[in-house]
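J.: Numbering (my numbering), first residue to last: 24 to 104. Note that beta-carbon positions come from the ideal geometry of N, C-alpha and C, so glycine has one too.
(1) Measuring only the C-alpha atoms, how far is residue 51 from residue 35?
(2) Any idea what DSSP makes of residue 25, helix, strand or coil?
(3) Please confirm whether residue 96 and residue 67 have their CB atoms less than 7 Å apart.
(4) Leaving out five residues on either side along the sequence, give the residues of the same chain with a beta carbon under 7 Å from the beta carbon of residue 44.
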């Protein structure tokens, strides 16, 4: 897994985890796998949208990656901002 995916997984855990201090001083993190999967997937999709937006701003849209592409990605995955 590349470093960026690991970072997104860690962000997803931070968003969904419930933290509990154990008697020995350690911290336990628990979360629902379905909730984690949903948040993690959304972070990846948003990252892809950001890459498309950045690429569209820096280079001509000769490959067909443009604002309608971003709209189609959001629509396909139900992402609302």
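T.: According to the structure data:
(1) Position 28 of the chain shown, counting from 1, holds the residue named residue 51. Position 12 of the chain shown, counting from 1, holds the residue named residue 35. Whole-angstrom Cα-Cα distance: 16 Å.
(2) On the chain shown, residue 25 is found 2 positions in, with the first residue counted as 1. Correct three-state label for residue 25: coil.
(3) To locate residue 96, count along the chain shown from 1; it is residue 73. To locate residue 67, count along the chain shown from 1; it is residue 44. Result no, Cβ atoms of residue 96 and residue 67 do not sit closer than 7 Å.
(4) In the chain shown, counting from the first residue as 1, residue 44 sits at position 21. 50.
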